[in-house]
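All remarks here apply to the structure that follows.
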């Protein structure tokens, strides 16, 4: 989809970004032609326009002052010709430094990698680019010697837009997912017939394995037996017939999880599976293992509500989860539904601070699972390299490295009322150090009456943050091409 809009400036003053901002915002209502279902809105510095899916504007025309007219055509953007003669097919506008023209990509080939202004608008002087935070379009502005200026918006491509909206719908529906997960768990019988494990091993990788990492931390002070998250092909030597193994694989085909499960079965462990099917589902059918079946077909990281609730259900039935903690899951959906707008607002504020910087996530050791969840979401959805560490451990190593810290870093300090009081003091002192080095520091706190509600609140804020950063960077939040490439390579090696 492509949008091109031209304006005629009412004065002959030399155009600059400040003038463009003012004129754009003021003249924007003139675009709201009553016959076209446009949605227009303002953001400081830029005009932003979101066309409906079935409307593909192809050209614009500036009439005599003060009129402005928009022509909407029926040609698809894939056939829209650039002034240089190239076809605009799945056009991608890549980021630039704001001083030189951006480069364009057409399909898989990169043409005009150093596109000149003349390639885009003959006679125009391009001055900046930005990204629409709502529709993910890259927007450019150009000035013309005769006093007109133009804004052009190009999305990444159709697939990216569809995936962006799909991930948005999944995150939006997270409260409903939690509600459905709670019903599914409560109606799935997990009967150990009086057997009590002496230890618990939770197998899983990535979006499936995060549930184990969080459960082990959340229950470390409550469970009567050790709960260990296992993210590897191998298992601990102490695994035996008194071990409860919870195998989590959303697809049911995770290589490492299946290998670890095979070793656990040989060690005589009791198995419960959480999966949507695949090889793990088939093994459950074959051996009669207890299992919680969850809906499939989505990115595993987007189904955290199903996976984590199922893990906690299994552990509750095994006597590892206090009733007060377990019952709080039942109210989490309503809490998030009522507070979703607030979660988005906080995520937007964080995105403003995080964008373009190196992200460092810190938390109390007890909240490490939550920090990992945020990191994974930023990694996969926003394609953002970031790191996490925990207090007080980081005080004995990583803190020294802050001698080289600078304004290019932003620290997201996850804090909960449950944090150790001495750890909180350490955080306060260290935040001063980070700021002295020039880094931005943001304290991230959960909203809710109890620890479970605060936990899910921060999960939701982190998910929204990852999506907003993906939009601003113009990346596909669903695509995991690098992981797929690795899996393909591994499949060729026995």
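Numbering (the numbering used here), first residue to last: 1355 to 1848.
Glycine is no exception: its CB is placed at the ideal position from the N, C-alpha and C atoms.
| Check | Outcome |
| --- | --- |
| With 16 other CB atoms within 10 Å as the buried threshold, where does residue 1774 fall? | exposed |
| Does the beta-carbon distance from residue 1731 to residue 1808 come in below 9 angstroms? | no |
| Excluding five sequence neighbours on each side, which residues of the same chain lie with their C-beta closer than 8 angstroms to the C-beta of residue 1839? | none |
| If we call anything under 9 angstroms between Cβ atoms a contact, is residue 1708 one with residue 1819? | yes |
| In terms of alpha-carbon separation, which member of 1565, 1622, 1611, 1569 lies closest to residue 1592? | 1622 |
| Helix, strand or coil: how does DSSP classify residue 1774 here? | coil |
| For residue 1721, does the three-state DSSP call read helix, strand or coil? | helix |
| My output table needs one value for residue 1648: the three-state DSSP class, helix, strand or coil. | coil |
| Residue 1715 and residue 1729 look like a contact to me (Cβ under 8 angstroms); what is the Cβ gap, rounded to whole Å? | 6 angstroms |
| What do you reckon, are the CB atoms on residue 1760 and residue 1725 nearer than 9 angstroms? | no |
| Flag residue 1566 as yes when its Cβ comes closer than 8 angstroms to any non-hydrogen atom of the ligand ATP, and as no otherwise. | Among the components of this structure there are no ligands whatsoever, and the ligand ATP is therefore not found. |
| Just to confirm the assignment, what range does the alpha helix (DSSP H) spanning residue 1837 have? | 1835-1845 |
| Under 8 angstroms, with one C-beta from each stretch per pair, do the region 1785-1800 and the region 1615-1634 reach the 3-pair mark? | no |
| Can you tell which of 1609, 1554, 1764 has its C-alpha closest to the C-alpha of residue 1847? | 1609 |
| Use the C-beta contact count for residue 1639: other C-beta atoms within 10 angstroms, 16 or more gives buried, fewer gives exposed. | exposed |
| Which residue marks the beginning of the beta strand (DSSP E) containing residue 1794, and which one marks its end? | 1794-1799 |
| Expressed to the nearest angstrom, what Euclidean distance is found between the alpha-carbon atoms of residue 1845 and residue 1613? | 15 angstroms |
| Find out if the Cβ-Cβ distance for the pair residue 1798, residue 1748 is shorter than 9 angstroms. | no |
| For the beta strand (DSSP E) containing residue 1583, name the first residue and the last one. | 1581-1584 |
| Going by C-alpha to C-alpha distance, which of 1764, 1740, 1777, 1834 sits closest to residue 1750? | 1777 |
| Thinking just about the alpha-carbon of each residue, which of 1717, 1722, 1842, 1644 is nearest to the one in residue 1795? | 1717 |
| Does the region 1730-1746 come into contact with the region 1577-1596, if we say contact requires no fewer than three beta-carbon pairs (one atom in each stretch) closer than 8 angstroms? | no |
| Do you know whose CA, among 1661, 1641, 1644, 1642, lies nearest residue 1650's CA? | 1661 |
| Secondary structure at residue 1791, three-state DSSP: helix, strand or coil? | coil |
| For residue 1716, does the three-state DSSP call read helix, strand or coil? | strand |
| Which residue spans inside the region 1510-1574 form an unbroken beta strand (DSSP E) run of at least 3? | 1553-1557 |
| Is it right to say residue 1790 is buried, meaning 16 or more other beta carbons lie within 10 angstroms of its own, or is it exposed? | exposed |
| Can you tell me which of 1626, 1615, 1642, 1653 puts its alpha carbon nearest to the alpha carbon of residue 1522? | 1653 |
| Let me know the beta strand (DSSP E) ranges lying completely inside the region 1675-1755, each 3 residues or longer, listed in chain order. | 1712-1718, 1740-1745 |
| Is residue 1608 helix, strand or coil when you go by DSSP? | coil |
| Which stretch, first to last residue, makes up the alpha helix (DSSP H) that contains residue 1829? | Unbroken run through residue 1829: none, as it is neither H nor E. |
| Between residue 1547 and residue 1563, which are expected to be in contact by the criterion C-beta below 8 angstroms, what is the C-beta distance as a whole number of angstroms? | About 28 angstroms separates the two Cβ atoms, so there is no contact after all. |
| Relative to the C-alpha of residue 1688, which candidate in 1712, 1803, 1752, 1643 has its C-alpha closest? | 1803 |
| Pop quiz: residue 1328 and residue 1811 are said to be a contact at Cβ under 8 angstroms. What is the actual Cβ separation, rounded to whole angstroms? | It is not possible to answer for residue 1328, since the shown part of the chain is limited to 1355 through 1848. |
| Please tell me whether residue 1753 has its Cβ less than 9 angstroms away from any Cβ of chain D. | Absent here is chain D; the protein component of the structure consists of one chain. |
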